[in-house]
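Participant: Quick one: structure below, then a few questions.
In mature numbering (1 follows the signal peptide of the UniProt record, and there is no 0), the protein residues as written are -20 to -1, 1 to 290.
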């Protein structure tokens, strides 16, 4: 499934709304994670003391979970529960592992949908959320909130799948207690994956995040909380992908750290080696993808593959 048609609309919408609406104007609409924002979000700006090194394993995992993120575009369907995760072209390594679609995350009218897979070949529990594919998500993406809170559009999207996600992850970890947990997604799905992982970790379940082309979903306090939780964050960006720069830092929004920037090649480059990946530490770094001012949406669609073409 491709969504280039709406992609130009989302950029226009974000540009227009951000320019017109400072974050402080929406303080009365703020949302606190589990009503504990003041307690959970007191951490200072965290930057790892030891620089992150990209290894062959890091690269292999980023490529592998990009396929799981792609798989959400054609496996997020209740009728597929109990069947093997599969794609026409977008997830050959995942398909080869024969993971089972354990749970559908969402409902017909939910803002975002996804699946939970049991990957016995790799001893993994994988949650994957699909990116924006309808106009409702674009409108939601233009809502901003402030405080130790979340971007309102992402909060609404998360609320649509929260109950399904938490019920499924608790059941899956009870059935497969030794399996590692990974939460992934592309675009809006990457943003929801970040929020979902925060809740899953807060429930005492360590989880790694692999997000691809995710917008910012919260402010300094929120991302510091996520960065301090048990589990690793792999936030992948591609060349000049503009979606990763919104909502703007000017209004207090920040990214999780570190950023793994696929820095070389063209907008459609999918083949990357270790030397092509630049790591930028910090929640408001200015050295990787954020340095670009491009509004071309093409790189948003290519993360090790045509990521929305399942």
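A virtual CB, placed ideally from N, CA and C, is assigned to each residue, including glycine. Model, not experiment: these values are computed from the prediction.
Going by alpha carbons, who is nearest to residue 203 out of 217, 223 and 229?
Facilitator: Checked all of 217, 223 and 229; the closest Cα to residue 203 is 229.
Participant: Hey, residue 41 and residue 65: beta-carbon distance below 7 angstroms or not?
Facilitator: In this structure, residue 65 does not lie closer than 7 angstroms to residue 41 by Cβ.
Participant: Report the residue from 33, 89 and 260 whose alpha carbon sits nearest the alpha carbon of residue 218.
Facilitator: Of 33, 89 and 260, the residue nearest in Cα terms is 260.
Participant: Can you grab the Cα-Cα spacing for the pair residue 234 / residue 273, in whole Å?
Facilitator: Roughly 17 angstroms between the two C-alpha positions.
Participant: Considering only C-alpha positions, which residue in the set 238, 277 and 143 is nearest to residue 84?
Facilitator: Among 238, 277 and 143, the Cα nearest to that of residue 84 belongs to 143.
Participant: Return the first residue and the last residue of the beta strand (DSSP E) that residue 260 is part of.
Facilitator: 257 to 260 is the span of the beta strand (DSSP E), which, as asked, contains residue 260.
Participant: Give the DSSP-derived three-state secondary structure of residue 97 in the structure shown.
Facilitator: Residue 97: strand per DSSP, three-state reduction.
Participant: Residues in its own chain within less than 6 angstroms of residue 22 by CB, not counting five upstream and five downstream?
Facilitator: For residue 22, the predicted structure reports a pLDDT of 40, less than 50, and the residue's modelled location is therefore unreliable. A value from the coordinates is still provided. So no residue of the chain qualifies.
Participant: Within the same chain, show all residues whose beta-carbon is closer than 7 angstroms to that of residue -9, passing over the 5 residues directly before and after it, in chain order.
Facilitator: Its pLDDT being 39, under 50, residue -9 is placed unreliably by the model, and the measurement read from it follows with that caveat. None.
Participant: Quick one: is residue 11 buried, meaning 16 or more other Cβ sit within 10 Å of its Cβ, or exposed?
Facilitator: For residue 11, the predicted structure reports a pLDDT of 34, less than 50, and the residue's modelled location is therefore unreliable. The matter cannot be settled from this model.
Participant: Look at the alpha carbon of residue 109 and the alpha carbon of residue 146, and state the distance between them as a whole number of angstroms.
Facilitator: Each residue's Cα considered, the two are about 14 angstroms apart.
Participant: Just to confirm the assignment, what range does the beta strand (DSSP E) spanning residue 75 have?
Facilitator: Run containing residue 75: none in the beta strand (DSSP E); it sits in the alpha helix (DSSP H), 72 to 77.
Participant: Can you list, in chain order, the stretches of the beta strand (DSSP E) that have 3 or more residues and sit fully within the region 206 to 242?
Facilitator: Fully enclosed beta strand (DSSP E) runs of 3 or longer: 213 to 218 and 239 to 242.
Participant: Apply the 10 Å Cβ neighbour rule to residue 265 and answer buried if 16 or more other Cβ atoms are within range, or exposed otherwise.
Facilitator: With 16 or more other Cβ atoms within 10 Å, it is buried.
Participant: What does a CB cutoff of less than 6 angstroms around residue 329 pick up in its chain, not counting 5 residues either side in sequence?
Facilitator: Since the displayed the chain opens at -20 and closes at 290, residue 329 lies outside it and no answer follows.
Participant: Exposed or buried, what is residue 220 when buried is set at 16 or more other beta-carbons lying within 10 Å of its beta-carbon?
Facilitator: Buried, because 16 or more other Cβ atoms sit within 10 Å of the Cβ of residue 220.
Participant: Could you name the residues of the same chain whose beta carbon sits closer than 6 angstroms to that of residue 103, not counting the 5 residues immediately before and after it, in chain order?
Facilitator: The answer, listed in chain order, is 159.
Participant: Would you mind stating whether residue 165 and residue 188 have Cβ atoms separated by less than 7 angstroms?
Facilitator: It is not a contact, given that the beta carbons lie outside the stated cut-off.
Participant: Counting along the chain, where does the alpha helix (DSSP H) carrying residue 180 start and finish?
Facilitator: Where residue 180 is concerned, the enclosing alpha helix (DSSP H) stretches over 168 to 182.
Participant: Taking 8 angstroms as the cut-off, does the region 72 to 79 touch the region 240 to 255 (at least 3 CB pairs, one atom from each stretch)?
Facilitator: With a cut-off of 8 angstroms, the region 72 to 79 and the region 240 to 255 do not count as touching, because too few Cβ pairs lie within range.
Participant: Based on Cα-Cα distance, which residue from 33, 32 and 43 lies nearest to residue 287?
Facilitator: Among 33, 32 and 43, the Cα nearest to that of residue 287 is on 43.
Participant: Looking only at its own chain, which residues have a Cβ that is under 6 angstroms from the Cβ of residue 47, when we skip the five neighbours before and after it?
Facilitator: If we look at residue 47 and ignore the five residues flanking it on each side, its Cβ neighbours are 71, 73 and 74.
Participant: Judging by CA-CA distance, which residue of 99, 34 and 173 is the nearest neighbour of residue 93?
Facilitator: Comparing Cα positions, the closest option is 173.
Participant: Taking the Cβ atom as the reference point for each residue, do residue 185 and residue 161 lie within a distance shorter than 7 angstroms?
Facilitator: Against a cut-off of 7 angstroms, the Cβ pair of residue 161 and residue 185 comes out as a contact.
Participant: Can you tell me which residues form a DSSP beta bridge with residue 198?
Facilitator: Looking at the DSSP assignment, residue 198 forms a beta bridge with 130 and 234.
Participant: Exposed or buried, what is residue 63 when buried is set at 16 or more other beta-carbons lying within 10 Å of its beta-carbon?
Facilitator: The residue in question, residue 63, is exposed, as its Cβ has fewer than 16 Cβ neighbours within 10 Å.
Participant: Measuring only the C-alpha atoms, how far is residue 79 from residue 99?
Facilitator: Their Cα atoms are separated by approximately 4 angstroms.
Participant: Just verifying my parser: in three-state terms, what is the DSSP assignment at residue 125?
Facilitator: Residue placement at residue 125 is poorly supported in this model, since its pLDDT is 40, which falls under 50; the coordinates still yield a value, given next. Residue 125: coil per DSSP, three-state reduction.
Participant: Pick helix, strand or coil for residue 7, following the three-state DSSP scheme.
Facilitator: Residue placement at residue 7 cannot be trusted, given a pLDDT of 35 that sits under 50; what the coordinates show is reported in the next sentence. Here residue 7 sits in helix by DSSP.
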